[in-house]
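Let me begin by presenting the structure, written as structure tokens, before commenting on it.
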Amino acid sequence: MVKAVTDHATPSLASLGWTDFFGDQLESGEANLVPTRIATVHRDRLTGLSQAGPIDLTLPAQANTGDYAVGDWVLVDAHDQLVQRRLTRKTVLERRTQGGRVPQLAAANVDTLFIVTSCNADFNPARLERYLALANEAGTTPVILLTKADTAADAEAYQRGAAALQRGLAVVTLNPRTSDAASALAAWCGAGQTVALVGSSGVGKSTLVNTLAGSAQHLPQQTGDIREHDAKGRHTTTSRSLHSIAGGGWVIDTPGMRTLQVSDVAYGIDTLFAEITELAPLCKFRDCTHVHEPGCAVQAALKAGTLDPERLARWRKLSDENQNNTPVQSGPRGAKSPGGRGKRR
Numbered sequence: 001m002v003k004a005v006t007d008h009a010t011p012s013l014a015s016l017g018w019t020d021f022f023g024d025q026l027e028s029g030e031a032n033l034v035p036t037r038i039a040t041v042h043r044d045r046l047t048g049l050s051q052a053g054p055i056d057l058t059l060p061a062q063a064n065t066g067d068y069a070v071g072d073w074v075l076v077d078a079h080d081q082l083v084q085r086r087l088t089r090k091t092v093l094e095r096r097t098q099g100g101r102v103p104q105l106a107a108a109n110v111d112t113l114f115i116v117t118s119c120n121a122d123f124n125p126a127r128l129e130r131y132l133a134l135a136n137e138a139g140t141t142p143v144i145l146l147t148k149a150d151t152a153a154d155a156e157a158y159q160r161g162a163a164a165l166q167r168g169l170a171v172v173t174l175n176p177r178t179s180d181a182a183s184a185l186a187a188w189c190g191a192g193q194t195v196a197l198v199g200s201s202g203v204g205k206s207t208l209v210n211t212l213a214g215s216a217q218h219l220p221q222q223t224g225d226i227r228e229h230d231a232k233g234r235h236t237t238t239s240r241s242l243h244s245i246a247g248g249g250w251v252i253d254t255p256g257m258r259t260l261q262v263s264d265v266a267y268g269i270d271t272l273f274a275e276i277t278e279l280a281p282l283c284k285f286r287d288c289t290h291v292h293e294p295g296c297a298v299q300a301a302l303k304a305g306t307l308d309p310e311r312l313a314r315w316r317k318l319s320d321e322n323q324n325n326t327p328v329q330s331g332p333r334g335a336k337s338p339g340g341r342g343k344r345r
């Protein structure tokens with residue numbers, strides 16, 4: 001049994017997150033295979049959830065659990081629970097760890113990414129922007145959740161600071177321990193919807209998972225305190241898992257991230273820094289670096305006071321890091337081009 005998953009009574013495929021996007025991928029001859037959603041990914045095994053309930057999955061020879069993400073849809077042989085193939089993802093969240101050679105899968109087929117931070121020293125605009133770029137690139141809807149507002153002298157300042165990070169960004173202040181938190185997030189947690197939580201350790205992610213899942217879940221997530229002097233938390237979530245939300249939908253918890261390097265998120269950065277992206281085409285030179293060139297629209301906005309210099313500095317740092325970390329792809333006649341957006345795989 002998959003104890004990390006709270007299964008709805010006789011769930012339909014739609015309630016598990018199945019849509020026409022996945023149904024259209026079915027091929028002739030696969031009618032007897034069972035659509036199953038990956039519930040947990042361990043080092044040497046996978047568990048899934050189908051209409052029949054939780055199951056332990058068997059991987060084909062030479063297969064690697066690292067190739068699968070919580071939230072993936074796979075087709076399974078009903079007799080031996082052998083995974084036949086994974087369906088193309090609608091969205092995929094992945095991150096590059098410091099020193100890592102390849103991106104690490106975080107979650108798949110996520111509709112909304114809840115970026116959790118606290119109204120204290122954990123609130124870091126530069127780190128939040130990294131999460132936002134990740135969400136934008138993946139095609140998920142980002143929402144920033146502010147916790148520990150009751151400990152802040154001016155919680156509204158944190159609300160304004162978060163909302164200013166991206167146009168149209170939803171920001172919700174809540175207490176993860178109260179039932180009001182579930183009500184505040186209901187718009188993103190409907191039947192068949194999948195949300196994921198990211199953020200530093202100690203900001204309340206696991207507590208919020210427990211609140212959303214309600215008392216019916218079999219195995220509540222462990223929670224931990226933070227160190228008061230620097231707002232750093234202990235890592236209480238060590239693996240990713242899929243949990244049902246009491247009123248419908250699914251939530252994926254992820255381990256806390258102290259570092260988050262960006263790679264292959266050019267679209268995500270352009271969306272995040274729309275005020276800069278829209279100015280660039282107005283520059284005199286197409287290859288303007290926005291540093292010293294004459295006729296630079298970005299520098300003109302900076303001098304006019306309509307562009308925040310700190311935002312420009314963070315945009316430059318994030319763009320440079322993304323360019324340095326993004327592998328190039330071989331094009332026609334050996335030409336090299338940076339990897340573009342394409343997270344459906």
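Quick note on numbering: full-length UniProt numbering labels position 337 of the sequence shown as 337, and the sequence is numbered without any gaps.
Every residue, glycine too, gets a C-beta built ideally from N, C-alpha and C.
Note that this is a predicted model, so its numbers are computed, not measured.
*Assigned exposure category for GLN25 - 16 Cβ within 10 Å defines buried*: Around the Cβ of GLN25, a 10 Å sphere holds fewer than 16 other Cβ atoms; the residue is exposed.
*asked:* Can you list, in chain order, the residues of its chain with a C-beta nearer than 8 Å to that of TYR131? Leave out the 5 residues immediately preceding and following it.
replied: Within the same chain, Cβ atoms closer than 8 Å to the Cβ of TYR131 are found at LEU113, ILE115, PRO142, VAL198, GLY199 and LEU260, the five residues on either side in sequence being excluded.
*Unbroken beta strand (DSSP E) runs of length 3 or more, entirely within the stretch 5 to 79: which are they?*
Listed in chain order, the beta strand (DSSP E) elements of length 3 or more contained wholly in the stretch 5 to 79 are 33 to 41, 46 to 50, 53 to 57 and 73 to 77.
*Note down, one range per segment and in chain order, each alpha helix (DSSP H) of at least 4 residues found wholly within the UniProt domain "EngC GTPase" (108 to 258).*
Every alpha helix (DSSP H) stretch that sits fully inside the UniProt domain "EngC GTPase" (108 to 258) and reaches 4 residues is listed by chain position as 125 to 138, 155 to 163, 180 to 184 and 205 to 213.
*What first and last residue would you give for the alpha helix (DSSP H) that runs through GLU321?*
309 to 325 is the span of the alpha helix (DSSP H), which, as asked, contains GLU321.
*asked:* Tell me which residue opens and which closes the beta strand (DSSP E) that GLU94 is part of.
replied: Per DSSP, GLU94 belongs to the beta strand (DSSP E) from 92 to 95.
*Hey, which unbroken runs of the beta strand (DSSP E) at 3 residues or more fall wholly within the stretch 259 to 292?*
Runs of the beta strand (DSSP E) lying entirely within the stretch 259 to 292 and spanning at least 3 residues: none are present.
*asked:* Applying the 10 Å Cβ sphere with the 16-neighbour rule, what's the burial state of TRP250?
replied: The residue is buried, with at least 16 neighbouring Cβ atoms inside 10 Å.
*When DSSP labels each residue in this structure, what does VAL102 get in the three-state scheme?*
The three-state reading of DSSP puts VAL102 in coil, since its state is none of H, G, I, E or B.
_Proximity to SER12 [Cα-Cα], best of LEU307, SER179 and PRO35_ = Answer by Cα proximity: PRO35.
_So, with DSSP's three-state summary, where would you put GLN84?_
Here GLN84 sits in strand by DSSP.
*Cβ pair ASN120, ALA152 closer than 8 Å*: When the beta-carbon positions are compared, ASN120 and ALA152 come within less than 8 Å of each other.
*Can we say the stretch 73 to 92 touches the stretch 39 to 58, given the rule of at least three CB pairs closer than 8 Å?*
The stretch 73 to 92 makes contact with the stretch 39 to 58; the number of CB pairs closer than 8 Å reaches 3 or more.
*Excluding sequence positions up to five away, which residues of its chain have a Cβ less than 6 Å from the Cβ of ARG167?*
Result list for ARG167: ALA274, in chain order.
*Residue environment, PRO309, which counts as buried when at least 16 other CB atoms sit within 10 Å*: Answer is exposed; the Cβ neighbour count stays below 16.
*Could you tell me whether the stretch 170 to 190 touches the stretch 204 to 214, using the rule of 3 or more Cβ pairs below 8 Å?*
Contact holds: three or more Cβ-Cβ distances are below 8 Å.
*Would you tell me roughly how many angstroms separate the C-alpha atoms of LEU185 and HIS243, rounded to the nearest one?*
Spanning the two alpha carbons is a distance of roughly 15 Å.
_In whole angstroms, give me the CA-to-CA distance for LEU208 and PHE285._
LEU208 and PHE285: Cα-Cα distance of roughly 49 Å.
*asked:* I need the straight-line Cα distance from SER28 to PHE123, nearest angstrom please.
replied: Straight-line spacing of the CA atoms in SER28 and PHE123 works out to 51 Å.
_Pair within 8 Å by beta-carbon distance, ALA126 and ARG314_ = Pairing ALA126 with ARG314 gives a Cβ-Cβ distance under 8 Å.
*Report back the beta-carbon spacing between LEU16 and ASN136 to the nearest angstrom; my notes put them in contact at under 8 Å.*
At roughly 26 Å, the Cβ-Cβ gap does not stay under 8 Å, so LEU16 and ASN136 are not in contact.
*If we count the other Cβ atoms within 10 Å of its Cβ and call it buried at 16 or more, is GLU94 buried or exposed?*
The residue is buried, with at least 16 neighbouring Cβ atoms inside 10 Å.
*asked:* I'd like to know whether the C-beta atoms of LEU212 and ALA182 end up nearer to each other than 8 Å.
replied: Closer than 8 Å, so yes.
*asked:* On a Cα-Cα basis, can you pick out the residue from LEU33, GLY66 and LEU82 that is closest to LEU57?
replied: Cα-wise, what sits closest to LEU57 is LEU82.
*Taking Cβ positions, are LEU318 and ALA133 nearer each other than 8 Å?*
Using a Cβ distance threshold of 8 Å, LEU318 and ALA133 count as a contacting pair.
*Output the distance between the C-alpha atoms of VAL328 and ASP264, rounded to the nearest integer angstrom.*
Each residue's Cα considered, the two are about 10 Å apart.
_Cβ-Cβ separation, ILE252 to residue 361 (assumed contact under 8 Å), whole Å_ = In the structure as shown, the chain starts at 1 and stops at 345, and residue 361 therefore has no counterpart that could be examined.
*Looking at C-alpha atoms only, which residue of LYS303, GLY214, ASN32 and ALA63 is the closest neighbour of ALA78?*
Among LYS303, GLY214, ASN32 and ALA63, the Cα nearest to that of ALA78 is on ASN32.
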